[in-house]
Ligand code: 1HN
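In the working numbering, the protein residues as written are 1210 to 1556.
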């Protein structure tokens, strides 16, 4: 491809005349915004170790009362996007949130979609539009765009969870805002409105009515059981389940996709090269994540990310299975026609 002229090739007075009229020449930046053949991601393969996060998060618990934080979170920032941009990838935000016994993170709702993956502790729950979702380690709880949510804690140990939001995308598109809820600590029902074992409260049932978010809590015990039964069945290349909306068969949320992978004992899993960045969070076991030439050795509760089109290999060196929670940008990219796959370049 032809090298194009730079800003320095232009007379200073000409560039100043453009600037004065809010005009910019395209050609000096054209190769940056359209790099040849492959995107140039800012996202860097990065790992955040729970043993580094935990003591600092507990210190935040001492330094900042919940009333002064609303959400007591340490953001997992990707240095490739600089730390003040709160991005793990171009469109995914990650944070570790701490709620102490007796604390309450007040009700609000906002445009970004969020999920929580519970990392540690017992006795806390999130209420989503009034439905009480208990938090147990490994559970996935959805708080989709526009739904009221608050976190409460009746137990006696610290509770920590991983937040995954599409905040960077929503913020960039200038559609991000929040509304504050009632300043009362509410009573919440624990019965799911819709999905138990295929039953629905008749008063909530309207024939042909598609429920946008029929499941708000995906318990880890069920996810793990599904993975184990896939692994026990016929030989498959990859033991993975996707969190879906059972009403539609589509992804559980609209922008970020969520799934879980089981690595069988000593399994080496080579993932397809894809146009979307990806996040891994270890629920159980030890996993070596190779993304091109960057290697991260992860243990339970560690989190990492890899950029688009990386050659990613997941390795379980143990004789016991490992379980990984995965978030990726594929629903967003597929809806907008941006998604693609390519052959690996490390074969
Ligand atoms: C939010 O609402 C929560 O509700 C957590 O727990 C993290 C990060 C950015 C914007 C909103 C929560 C968040 C957030």
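Backbone N, C-alpha and C define an ideal beta-carbon position, used for all residues, glycine too.
Please state whether DSSP places residue 1545 in a helix, a strand or coil.
Reduced to three states, the DSSP call for residue 1545 is coil.
Alpha-carbon spacing of residue 1316 relative to residue 1361, whole angstroms:
Cα atoms of residue 1316 and residue 1361: separation of roughly 10 Å, rounded to the nearest angstrom.
How far does the beta strand (DSSP E) with residue 1224 in it reach, from first residue to last?
Segment 1221-1229 is the alpha helix (DSSP H) holding residue 1224; no beta strand (DSSP E) there.
Can you tell me whether residue 1282 sits near ligand 1, meaning its C-beta is under 6 Å from at least one heavy atom of the ligand?
Yes; taking the cut-off as 6 Å, the Cβ of residue 1282 has a heavy atom of ligand 1 nearer than that.
Minimum Cβ-Cβ distance from residue 1411 to chain D less than 7 Å
Of the chains in the structure shown, none is chain D; there is only one protein chain.
Report yes if the C-beta of residue 1349 is less than 6 Å from at least one heavy atom of ligand 1; otherwise report no.
No.
Does the distance between the C-beta of residue 1304 and the nearest non-hydrogen atom of ligand 3 fall short of 6 Å?
With respect to ligand 3, the structure offers nothing, as its ligand set consists of ligand 1.
Which residue from 1305, 1258, 1377 and 1285 puts its Cα closest to that of residue 1299?
Taking residue 1299 as reference, the option from 1305, 1258, 1377 and 1285 with the minimal CA-CA separation is 1377.
In chain order, what are the residue ranges of uninterrupted alpha helix (DSSP H) at least 4 long that sit wholly in the segment 1325-1384?
Taking only runs of at least 4 residues, the alpha helix (DSSP H) segments lying wholly in the segment 1325-1384 are 1376-1381.
Give me the Cα-Cα distance between residue 1532 and residue 1295, rounded to the nearest whole angstrom.
The alpha-carbon atoms of residue 1532 and residue 1295 are separated by roughly 26 Å.
CA-to-CA distance, residue 1264 to residue 1241, given in whole angstroms:
When only Cα atoms are considered, residue 1241 and residue 1264 end up about 40 Å apart.
Given a cut-off of 7 Å, decide if residue 1334 and residue 1343 are closer than it, judged by their beta-carbon atoms.
The beta carbons of residue 1343 and residue 1334 sit closer together than 7 Å.
The beta strand (DSSP E) with residue 1314 in it runs from where to where?
Counting along the chain, the beta strand (DSSP E) containing residue 1314 begins and ends at 1313-1319.
Which residues does DSSP pair with residue 1306 in a beta bridge?
Paired residues: 1282 and 1370.
By how many angstroms is the C-alpha of residue 1438 removed from the C-alpha of residue 1485?
So the alpha carbons of these two residues sit roughly 28 Å apart.
To the nearest angstrom, how far is the alpha carbon of residue 1339 from that of residue 1521?
Their Cα atoms are separated by approximately 40 Å.
Any chance the CB of residue 1376 is under 6 Å from a heavy atom of ligand 1?
True, at least one ligand heavy atom lies under 6 Å from that Cβ.
What do you reckon, are the CB atoms on residue 1536 and residue 1470 nearer than 7 Å?
Taking the C-beta atoms as reference points, residue 1470 is found no nearer than 7 Å to residue 1536.
Would you mind giving the Cβ-Cβ distance between residue 1369 and residue 1309, rounded to the nearest angstrom? I have them listed as a contact below 8 Å.
Actually they are not in contact, since the Cβ atoms of residue 1369 and residue 1309 sit about 10 Å apart, beyond 8 Å.
Here's a check: name, in chain order, each residue in its chain whose Cβ is nearer than 7 Å to the Cβ of residue 1262, leaving out the five neighbours to either side.
Answer for residue 1262: 1283 and 1305, listed in chain order.
Residue 1293: beta carbon under 6 Å from a heavy atom of ligand 1?
No, ligand 1 has no heavy atom inside 6 Å of this Cβ.
Using the Cα positions of residue 1287 and residue 1504, report the straight-line distance between them to the nearest angstrom.
C-alpha of residue 1287 to C-alpha of residue 1504: approximately 16 Å in a straight line.
Please state if the CB of residue 1495 and the CB of residue 1527 are separated by a distance shorter than 7 Å.
Cβ atoms of residue 1527 and residue 1495: closer than 7 Å.
Once DSSP output is grouped into helix, strand and coil, what is the label at residue 1449?
In this structure, residue 1449 counts as strand in the three-state DSSP scheme.
Quick test of your reading: residue 1234 and residue 1227, contact by CB under 8 Å. State the CB separation rounded to the nearest angstrom.
Right, the Cβ-Cβ distance comes to about 7 Å (below 8 Å), so this counts as a contact.
Would you kindly check if the distance between the Cβ of residue 1450 and the Cβ of residue 1472 is under 7 Å?
No, they are not a contact pair.
My output table needs one value for residue 1471: the three-state DSSP class, helix, strand or coil.
The answer is strand: DSSP assigns residue 1471 an E or B state.
Touching by the beta-carbon criterion (3+ pairs, under 8 Å), the segment 1349-1366 and the segment 1325-1332:
Contact between the segment 1349-1366 and the segment 1325-1332 is present: 3 or more CB-CB pairs across the two stretches fall below 8 Å.
Taking C-beta to C-beta, are residue 1426 and residue 1372 nearer than 7 Å?
For residue 1426 and residue 1372, no; Cβs fall outside 7 Å.
Which of the three DSSP states is assigned to residue 1251 in this structure?
The DSSP-derived three-state label of residue 1251 is coil.
Give a yes or no on whether the C-beta atoms belonging to residue 1322 and residue 1274 are separated by under 7 Å.
In this structure, residue 1274 does not lie closer than 7 Å to residue 1322 by Cβ.
For residue 1483, which beta-bridge partners are listed by DSSP?
In the DSSP output, where bridge partners are listed per residue, residue 1483 has 1550.
Option in 1497, 1349, 1468 and 1440 with minimal Cα separation from residue 1256:
Among 1497, 1349, 1468 and 1440, the Cα nearest to that of residue 1256 is on 1497.
Is it the case that the Cβ atoms of residue 1540 and residue 1420 are separated by a distance below 7 Å?
Cβ atoms of residue 1540 and residue 1420: not closer than 7 Å.
Who are the Cβ neighbours of residue 1314 in its own chain at under 7 Å, not counting the five residues just before and after it?
Excluding residues within five positions, the ones whose Cβ falls inside 7 Å are 1275, 1279, 1280, 1308, 1359 and 1360.
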